[in-house]
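**Q** Here you go, one structure.
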Amino acid sequence: MFTRRLLLSSFEEIPACSSVRAPDACVVFTGANGSFGAPISAFAGSTAPPLRERAAALVSPGLRDALFGLAPLLPSVAEFGSYSKDFLGLIWPERFAAAQKLERGVRKPGCDFDAAFGFPCDAEESAREDKRFGEPAR
């Protein structure tokens, strides 16, 4: 488990955010090895390296390795775009700073799609698709 909670206001009562002063935001990281909060502005400039190390230490080695393995994929998946720069990129900017490179998918007929996963259509399914879309299923 690894979470990031970004609090823009009304965070004075949260112990991890007690040192943060508005208009700064408080970011709270929680992982297998504990949690801590800091001003988000502290992740810029000379104060960033020790905070990044502290946040990285919250993550188990197995989860860290899994996240690093996903890093090349994240920019091309819209659902994960928000995790790159403003969460994982705060801690590991060298791994998670790539800009999103979304490409529009190509819609395939159902039989082609299924066949790509090793489940080709049978003759009846192919005939039904031909009738529906007016093209022979491959």
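Read left to right, the sequence shown gives residues -5 to 132 (the numbering used here).
Quick reminder that beta carbons are idealized off the backbone N, C-alpha and C, glycines included.
Source: prediction; values computed, not measured.
Write down the C-beta distance between V22 and A36 rounded to the nearest angstrom, noting that I regard them as a contact closer than 8 Å.
**A** Translated into positions along the sequence shown, residue 22 becomes position 28. Translated into positions along the sequence shown, residue 36 becomes position 42. Contact doesn't hold; Cβ gap of about 13 Å is too wide.
**Q** I'd like the span of the beta strand (DSSP E) that includes L96, first residue to last.
**A** Working through the sequence shown from its first residue, we reach residue 96 at position 102. For L96, there is no enclosing beta strand (DSSP E), as DSSP gives it neither H nor E.
**Q** Measuring straight from C-alpha to C-alpha, what distance separates L67 and S54?
**A** For the purposes of this step, residue 67 is taken as residue 73 along the sequence shown, with counting starting at 1. For the purposes of this step, residue 54 is taken as residue 60 along the sequence shown, with counting starting at 1. When rounded, the distance between both Cα atoms is 21 Å.
**Q** Use the C-beta contact count for E123: other C-beta atoms within 10 angstroms, 16 or more gives buried, fewer gives exposed.
**A** Within the sequence shown, numbered from 1, the residue matching residue 123 stands at position 129. So E123 counts as buried.
**Q** So, do the stretch 90 to 109 and the stretch 62 to 82 have three or more beta carbon pairs nearer to each other than 8 Å?
**A** yes
**Q** Comparing alpha-carbon positions, which option in F107, A26, C20 lies nearest G56?
**A** One-based indexing of the sequence shown puts residue 56 at position 62. Comparing Cα-Cα distances from G56 to each of F107, A26, C20, the minimum goes to A26.
**Q** When we look at the beta-carbon of A32 and count the other beta-carbons within 10 Å, is it buried (16 or more) or exposed?
**A** Here residue 32 refers to the residue found at position 38 of the sequence shown. When all chains shown are included, A32 counts as buried.
**Q** Between I8 and A49, is the Cβ-Cβ spacing less than 8 Å?
**A** Within the sequence shown, residue 8 is the residue found at index 14, counting from 1. Within the sequence shown, residue 49 is the residue found at index 55, counting from 1. Against a cut-off of 8 Å, the Cβ pair of A49 and I8 comes out as no contact.
**Q** Under the DSSP definition of a beta bridge, which residues are partnered with R(-1)?
**A** Here residue -1 corresponds to residue number 5 of the sequence shown, with the count starting at 1. DSSP, once it has assigned bridges, lists V22 as partnering R(-1).
**Q** List the DSSP bridge partners of P33.
**A** For the purposes of this step, residue 33 is taken as the residue at position 39 of the sequence shown. DSSP, once it has assigned bridges, lists C20 as partnering P33.
**Q** By alpha-carbon positions, which one of R89, S40, R126, A42 ends up nearest to A60?
**A** Here residue 60 corresponds to residue number 66 of the sequence shown, with the count starting at 1. Distance check between A60 and each of R89, S40, R126, A42 places R89 closest, using alpha-carbon atoms only.
**Q** Am I right that S29 and L2 are in contact with their C-beta atoms under 8 Å? What's the rounded C-beta distance?
**A** Here the question's residue 29 lines up with position 35 in the sequence shown. Here the question's residue 2 lines up with position 8 in the sequence shown. Contact flag wrong, Cβ pair sits at about 19 Å.
**Q** Report the option in A110, C105, G112, F111 whose CA atom is closest to the CA atom of E118.
**A** Here the question's residue 118 lines up with position 124 in the sequence shown. It is C105.
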